[in-house]
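Participant: Here it is: the structure, laid out below.
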Amino acid sequence: QVQLVESGGGLVQPGGSLRLSCAASGSILRIDIIGWYRQAPGKERELVARIIPGGMTNYVDSVKGRFAVSRDSAKNTMYLQMNNLKFEDTAVYYCNVRRPIIDHDFWGQGTQVTVSS
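Read in order, the letters of the sequence shown correspond to residues 836 to 952 in the working numbering.
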């Protein structure tokens, strides 16, 4: 079992930066896929960034060059550094651990990111 707790959301002006953190309790396996999703009002939840086994990262096109996903295994924590934020980045951001071996997703409770002037 994995429990995830996000932090770091808030209100930021366009062009600003935020760093989201996701602290995990319980073991994250090497075969797990870890990442961040977001859901804006009236829209479906979408994958923002993820780290797949082996360390490769994937990003949705709209955040490439602006966001960076990382993990600190010693702290059992993953991060999403968000730079040059835009209005359209406004959403609730969720961290996710996908465990393919049991076909199960673990989710955090979400943290609100609002980009507004």
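The beta carbon of each residue, even a glycine, is placed where N, CA and C say it ideally should be.
If you're wondering where the values come from, they're calculated on a predicted model, not measured in any experiment.
For the beta strand (DSSP E) containing Gln947, name the first residue and the last one.
Facilitator: Unbroken beta strand (DSSP E) run through Gln947: 946-950.
Participant: In this structure, how does DSSP classify Glu923 when only helix, strand and coil are distinguished?
Facilitator: In this structure, Glu923 counts as helix in the three-state DSSP scheme.
Participant: In terms of residue numbering, what span does the beta strand (DSSP E) encompassing Arg854 cover?
Facilitator: Unbroken beta strand (DSSP E) run through Arg854: 853-860.
Participant: Flag this pair as yes or no: are the beta carbons of Thr925 and Ala884 separated by less than 8 Å?
Facilitator: Not in contact: Thr925 and Ala884 (Cβ atoms no closer than 8 Å).
Participant: If you check the beta carbons only, do Gln947 and Gly844 fall under 8 Å apart?
Facilitator: Yes. Within cutoff.
Participant: Below 7 Å CB to CB, which residues in the same chain sit around Asp867 once its five sequence neighbours on both sides are set aside?
Facilitator: Within the same chain, Asp867 has close Cβ partners Val932, Arg933, Arg934.
Participant: Mind checking Gly870: buried by the 16 CB within 10 Å criterion, or exposed?
Facilitator: By the neighbour-count rule (16 or more Cβ atoms within 10 Å), Gly870 is buried.
Participant: So Glu881 packs on Arg873, CB below 8 Å; how close in whole Å?
Facilitator: The Cβ separation is near 6 Å, so the contact holds.
Participant: Ends of the beta strand (DSSP E) at Leu846?
Facilitator: First-last of the beta strand (DSSP E) with Leu846: 845-847.
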